[in-house]
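Asker: The sequence shown runs 2 to 340 under this note's numbering. Just so you know, even glycine gets a beta-carbon here, dropped at the ideal spot from N, CA and C. Values in this document were obtained by computation on a predicted structure and should not be read as measured data.
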Amino acid sequence: MKILVTGGTGYIGSHTVVELQQNGYEVVIIDNLSNSYIEVVDNIEKITGIRPGFHKIDLTEKEKTSDFFRKNKDIAGVIHFAALKAVGESVEKPLEYYHNNISSLINLLQGMKENNINNIVFSSSCTVYGQPDELPVTEKAPIKKALSPYGNTKQISEQIIENTSSVSNIRGILLRYFNPIGAHKTAIIGELPIGVPNNLVPFITQTAIGIREQLGVFGDDYTTPDGTAIRDYIHVVDLAKAHVVAIDRMIKNKCKKKVEIFNLGTGDGFSVLEVIKSFEKVSGVKLNYRIVERRAGDIEKVWANTTFANEELGWKAEKNIDDMMLSAWNWENALKDKR
Ligand code: NAD
Ligand code: WQD
Numbered sequence: 002m003k004i005l006v007t008g009g010t011g012y013i014g015s016h017t018v019v020e021l022q023q024n025g026y027e028v029v030i031i032d033n034l035s036n037s038y039i040e041v042v043d044n045i046e047k048i049t050g051i052r053p054g055f056h057k058i059d060l061t062e063k064e065k066t067s068d069f070f071r072k073n074k075d076i077a078g079v080i081h082f083a084a085l086k087a088v089g090e091s092v093e094k095p096l097e098y099y100h101n102n103i104s105s106l107i108n109l110l111q112g113m114k115e116n117n118i119n120n121i122v123f124s125s126s127c128t129v130y131g132q133p134d135e136l137p138v139t140e141k142a143p144i145k146k147a148l149s150p151y152g153n154t155k156q157i158s159e160q161i162i163e164n165t166s167s168v169s170n171i172r173g174i175l176l177r178y179f180n181p182i183g184a185h186k187t188a189i190i191g192e193l194p195i196g197v198p199n200n201l202v203p204f205i206t207q208t209a210i211g212i213r214e215q216l217g218v219f220g221d222d223y224t225t226p227d228g229t230a231i232r233d234y235i236h237v238v239d240l241a242k243a244h245v246v247a248i249d250r251m252i253k254n255k256c257k258k259k260v261e262i263f264n265l266g267t268g269d270g271f272s273v274l275e276v277i278k279s280f281e282k283v284s285g286v287k288l289n290y291r292i293v294e295r296r297a298g299d300i301e302k303v304w305a306n307t308t309f310a311n312e313e314l315g316w317k318a319e320k321n322i323d324d325m326m327l328s329a330w331n332w333e334n335a336l337k338d339k340r
C-alpha cells in the first residue's frame, strides 16, 4: 500500500514516515524543502532501513502536482502535512500563507479527484478552538474566529475538505494537534527550527545548550495555579502513530462519516513552569529563564478531551512530559554534534 506524505521531510511528517514504514506501508514524500532538508530522507532510511520515495515539488504548482498524480495512480491515501506554520510570520505575510496553504490543498484535492484517490488525512490544529469556553475541549466545541492568518488557513482548509467531500468520493480525517514536542528515540530525526524558535521546547533546549542566553516565560499572571499558561503537549511519535491508525481506518473503510475530526493530545495540561521543571529534572541542567510580558495573541489555557480519539480510533498517547523533554534534549545534543 502506497501512501503519499506531503511535507514528509518536515518535523511531524518525518516521524510519521518512519511509523508508516514500520507498519508495512510504502511511502512517497512530496516536499518543496522550504522548511526542511533533503538529508532527512537519508535519516529516515537510517532508522527504518527503507528509503522513502521523494519528489521535490511545490504543491502550489498545479501542473507539477497533477503530473505527479497522473504518474502515481496507485496511491491508497494521502497525509497532508505540507504548510507554512509560523503564527507570527503569518501576520506579517498573510498572502504568502493563504497562497501556500490554501492553493496546495486545492491542487492536492484536484489531483486526488482526477485520479480517484479518495483518502486524505489533514494536519489541523487546536488553534481552531481559540480560548475554549469549556475545558478539556472536545471536537464539538465551537470554532472561534482565528487569531492569525495561519489559524485561518487551518479553518478554511477544514471547510474545503468538508465541502469537497460532500460532492465527491473524497473522505477526510481532520486531526487537530495540540502541542507536538520531542523527537525520535534514536535522535536521528527531530525538530529543526530555522532561526530563533517561536515555540517553547526548542527555545528551552537551545537555551540549555548555550545557543540562546535566556528563556523568557511569557507572563505569570494568568488565572492558572502557577500563573503561567497551560498547554497539552504531545510526543511527536505518539502523534505520528495516530496518523498510521487514521490511514488504516480509511483504507479499511471503517470511517463512520465522510469527514471525521479527532483531537490529538494527551488530555493533560502543563504550565510553562511545569515544562521547565520537567526539563531540568530529566536533563540535570538548570535553565536560565525569567518572567517577561505576556505574548500578544497567546491564549491562557487549553488541553484536549481525547475520549473520542481514544475510543473511536483506539489510539492513546503513551509518553509523558518527562519522556517528551528527555527526547527533545537528546535531539538537541545530537544536533550539537552535527553543528
Ligand atoms: P514543518 O515545517 O516541519 O513541515 C512542513 C513541511 O512542509 C516542510 O518540510 C516544508 O518544506 C513543506 N512545505 C511547506 N509548503 C509546501 C509546499 N507548498 N509544497 C511542498 N512542501 C511544502 O512543520 P510541522 O511542524 O511538521 O507541521 C506539519 C503540519 O502540522 C503543518 O500543516 C502544521 O501547520 C501542522 N501543525 C503543526 C503543529 C506544530 O506545533 N508543529 C501544530 C498543529 C498543526
Ligand atoms: C507554548 C507556551 C507560550 C515560547 C503554537 C501555535 C499553534 C500550534 C502550536 C500549529 C505558551 C510559552 C513560548 C517562549 C514562553 N501550531 N512560551 N516562552 O503558542 O501554544 O502554539 O504552536 O498549529 O497554532 O500558536 O506554542 O510552543 O509557542 O508556546 O513562555 O519563548 O509556552 O506563551 O504558553 P503555542 P508555543
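Are there 16 or more other CB atoms within 10 angstroms of the CB of residue 196, so buried, or fewer, so exposed?
Answerer: By the neighbour-count rule (16 or more Cβ atoms within 10 Å), residue 196 is not buried but exposed.
Asker: For residue 235, which residues does DSSP report across the bridge?
Answerer: Residue 235 pairs with 181.
Asker: The beta strand (DSSP E) spanning residue 77 covers which residue range?
Answerer: Looking at the DSSP string, the run of the beta strand (DSSP E) that includes residue 77 is 76-81.
Asker: Could you tell me the boundaries of the alpha helix (DSSP H) in which residue 327 lies?
Answerer: 322-339 is the extent of the alpha helix (DSSP H) around residue 327.
Asker: Using a threshold of 8 Å, state whether the C-beta atoms of residue 105 and residue 165 are closer than that.
Answerer: No, the Cβ-Cβ distance between residue 105 and residue 165 is not below 8 Å.
Asker: Please report the straight-line C-alpha distance between residue 312 and residue 264, rounded to a whole angstrom.
Answerer: Roughly 12 Å separates the two Cα atoms.
Asker: Give the secondary structure of residue 302 by DSSP, where H, G and I count as helix, E and B as strand, and everything else as coil.
Answerer: Residue state, collapsed to three classes: strand.
Asker: Where does residue 290 sit, in a helix, a strand or coil, going by DSSP?
Answerer: Note: residue 290 maps to strand in three-state DSSP.
Asker: Identify the continuous beta strand (DSSP E) that holds residue 5 and give its terminal residues.
Answerer: Here the beta strand (DSSP E) through residue 5 covers 3-7.
Asker: The alpha helix (DSSP H) that contains residue 21, what's its start and end?
Answerer: From DSSP, the alpha helix (DSSP H) with residue 21 extends over 12-23.
Asker: Under 7 Å from any heavy atom of the ligand WQD, does the C-beta of residue 232 make it?
Answerer: Under cutoff, so the answer is yes.
Asker: Does the contact criterion of 3 or more C-beta pairs under 8 Å hold for the segment 268-282 versus the segment 216-236?
Answerer: Counting Cβ pairs under 8 Å, three or more are found: they touch.
Asker: May I ask whether a heavy atom of the ligand WQD can be found less than 7 Å away from the beta carbon of residue 126?
Answerer: Yes, the ligand WQD has a heavy atom inside 7 Å of this Cβ.
Asker: Does residue 247 pass the burial test, meaning 16 or more other C-beta atoms within 10 Å, or should it be called exposed?
Answerer: The residue in question, residue 247, is buried, as its Cβ has 16 or more Cβ neighbours within 10 Å.
Asker: Please report how far the alpha carbon of residue 203 lies from the alpha carbon of residue 211, in whole angstroms.
Answerer: Taking the straight line from one Cα to the other gives about 12 Å.
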